[in-house]
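Enquirer: The end of the sequence shown is residue 383 by numbering that gives the first Met the number 0, with every number in the run present. Input: one structure, supplied below.
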Amino acid sequence: MSDPSSRSHDVIIVGAGPAGATLAYELARQGMDVLILEKERLPRYKACAGGISVKTARLLGFDFSSVTRDTVRGARVAYGSRRSFAKSYPKPLIHMVMRDDFDQLLAQRAREAGAKLADDERVHQVQITGQGVKVETANRVHTAQVVVGADGARSFVAAGAGLMQRVDVGIGMEAETSVPGQRLVQWEGLMGLDLGHARGGYGWVFPKKDHLSVGVGSPLHQARRLKSGYQAVLKSHGLSDCTVTRIRSHWLPVRRKGMAIQSGRCLLLGDAAGLVDPVTGEGIHNAVRSAQAAAPVIAGYLKGSIPNLQEYEAIVDKQIMPDLRAARALARGFARFPGLVFTAVEHNDRLWNACCRLLRGEDTYITLKRRLGPAQVIFDLLTF
């Protein structure tokens, strides 16, 4: 699926995940010459829980049911090894996918819009000047007017441009788990959450039709406990005797307002820009959202209607960061008082429904904060 040409393009996007493929689609359908460079050959396995929330599906605005493995409408929530409960919701919450299938579909959509894709093409060097950008791979040199880093938490583009330095990171571990058919059926339409075994984080079980994706996430300083926490999550959901494959770990970067995600002819999207949700560790929603925010800025810059790409960072700071700031406060509350959070959700259906509305995009962390009234000060204290 490689593009053999080395001619100049309007935009080079490094990374063919949801951020890169969405931006490529948005720009290509406006007639721009877009090249996506992906270091691996597609389709490729990606360590990811693979949950596409309803609010993310709404942003994407197209039917991806062909790669949907299940649709979640409820959860089994565990705390420690003895306490658990199950709750449901009348509407869909999360669509489950495997990232190799999902990313391939997004990349194909971008190609059908006119974008070019060169996979198995690892970037070795990025040079940015006032006149343009030059991106070197093992096989060829590409030039463009703009380069976009959509290459994940360990972004080569970000490092080369001096962006996102000293970003806060969490860490996740995820694997695919084979489960006997009769037990697998019990997980249809349900996700598993574990608030008791990953210190400062949580564990998850996501149904994928023919298996389960199981993972755990925590702050980076708890990395040494990640493996034992993962085993505890398996045990708490009765999965210790199941076969586990494809164990992978990955960074979960969280940006603070003011951290540069744009410089000159370069900008960053999604995980490369640290736009991971601090509560859930989910990054696909803001990957798509940042791509859709970047598209009109890049288009305006290339057409000469705006002087530079600085407006993109301003949009992220205004439209995305306030909610992530509130989420950071909530995440710290979860980390300090997981037992209280478990009990509150177990006994308060209004709180459970609010969590569901967050996943559906009907509420935000900001609106959740406002509903606390005078207790909003707790959010503010936890933010710093």
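By construction, the Cβ of each residue, glycine as well, lies at the ideal position given by its N, Cα and C atoms.
Is Met-190 closer than 8 Å to Pro-179 when the C-beta atoms are compared?
Expert: Result no, Cβ atoms of Pro-179 and Met-190 do not sit closer than 8 Å.
Enquirer: Taking Cβ positions, are Pro-295 and Ile-365 nearer each other than 8 Å?
Expert: Not in contact: Pro-295 and Ile-365 (Cβ atoms no closer than 8 Å).
Enquirer: Counting only beta-carbon separations shorter than 8 Å, does Val-287 have a partner in chain D?
Expert: Judged by its chain identifiers, the structure shown contains no chain D, having just a single protein chain.
Enquirer: Measure the C-alpha to C-alpha separation of Gln-318 and Arg-121 and round it to an integer number of angstroms.
Expert: When rounded, the distance between both Cα atoms is 32 Å.
Enquirer: Which partner residues of Leu-267 appear in the DSSP bridge assignment?
Expert: Gly-148.
Enquirer: Between the C-alpha atoms of Val-344 and Cys-355, what's the straight-line distance to the nearest angstrom?
Expert: So the alpha carbons of these two residues sit roughly 11 Å apart.
Enquirer: Classify Asp-193 as helix, strand or coil using the three-state DSSP reduction.
Expert: Three-state DSSP puts Asp-193 in a strand.
Enquirer: Would you kindly check if the distance between the Cβ of Leu-192 and the Cβ of Gly-216 is under 8 Å?
Expert: No. Outside cutoff.
Enquirer: Given that a residue counts as buried once 16 or more other Cβ atoms are within 10 Å of its Cβ, and exposed if not, what is Glu-135?
Expert: Flag for Glu-135 reads exposed.
Enquirer: Using the C-alpha atoms, what's the distance from Phe-155 back to Val-275?
Expert: Straight-line Cα distance between these residues: approximately 18 Å.
Enquirer: How is Ile-246 classed by DSSP in three states: helix, strand or coil?
Expert: The answer is strand: DSSP assigns Ile-246 an E or B state.
Enquirer: Do Ala-149 and Leu-22 have their CB atoms nearer than 8 Å?
Expert: Yes.
Enquirer: So, with DSSP's three-state summary, where would you put Met-389?
Expert: Since the first and last residues shown for the chain are 0 and 383, residue 389 lies out of range.
Enquirer: Nearest to Leu-194 by alpha carbon, out of Asn-347, Gly-79 and Arg-28?
Expert: That would be Gly-79, whose Cα lies nearest to the Cα of Leu-194.
Enquirer: Around the Cβ of Thr-176, are there at least 16 other Cβ atoms within 10 angstroms (buried) or fewer (exposed)?
Expert: Buried.
Enquirer: Taking the alpha carbon of Gly-228 as the point to measure from, which residue in Val-146, Trp-203 and Thr-244 has its own alpha carbon closest?
Expert: Taking only the C-alpha atoms, the option nearest Gly-228 is Trp-203.
Enquirer: Please report the distance separating the alpha-carbon of Tyr-24 from that of Asp-240.
Expert: Approximately 43 Å between the Cα atoms of the pair.
Enquirer: Is the beta carbon of Gly-171 sitting closer than 8 Å to the one on Gly-214?
Expert: It is a contact, given that the beta carbons lie within the stated cut-off.
Enquirer: Terminal residues of the continuous beta strand (DSSP E) containing Gln-126?
Expert: Segment 122–127, the beta strand (DSSP E) holding Gln-126.
Enquirer: For a quick check, are the C-beta atoms of Arg-359 and Val-53 less than 8 Å apart?
Expert: Their beta carbons are under 8 Å apart, which means Arg-359 touches Val-53 by this criterion.
Enquirer: Please name the residue or residues paired with Val-71 in a DSSP beta bridge.
Expert: Answer is Ile-93, bridged to Val-71.
Enquirer: Between Asp-124 and the rest of its own chain, which residues show a CB-CB distance below 7 Å, the 5 nearest in sequence each way excluded?
Expert: According to the sequence shown, residue 124 is Gln rather than Asp. The answer, listed in chain order, is Glu-135.
Enquirer: Quick one: grab the DSSP three-state call for Val-178.
Expert: Note: Val-178 maps to coil in three-state DSSP.
Enquirer: Between which two residues does the beta strand (DSSP E) containing Ser-235 stretch?
Expert: Note, Ser-235: premise wrong, no beta strand (DSSP E); alpha helix (DSSP H) at 225–235.
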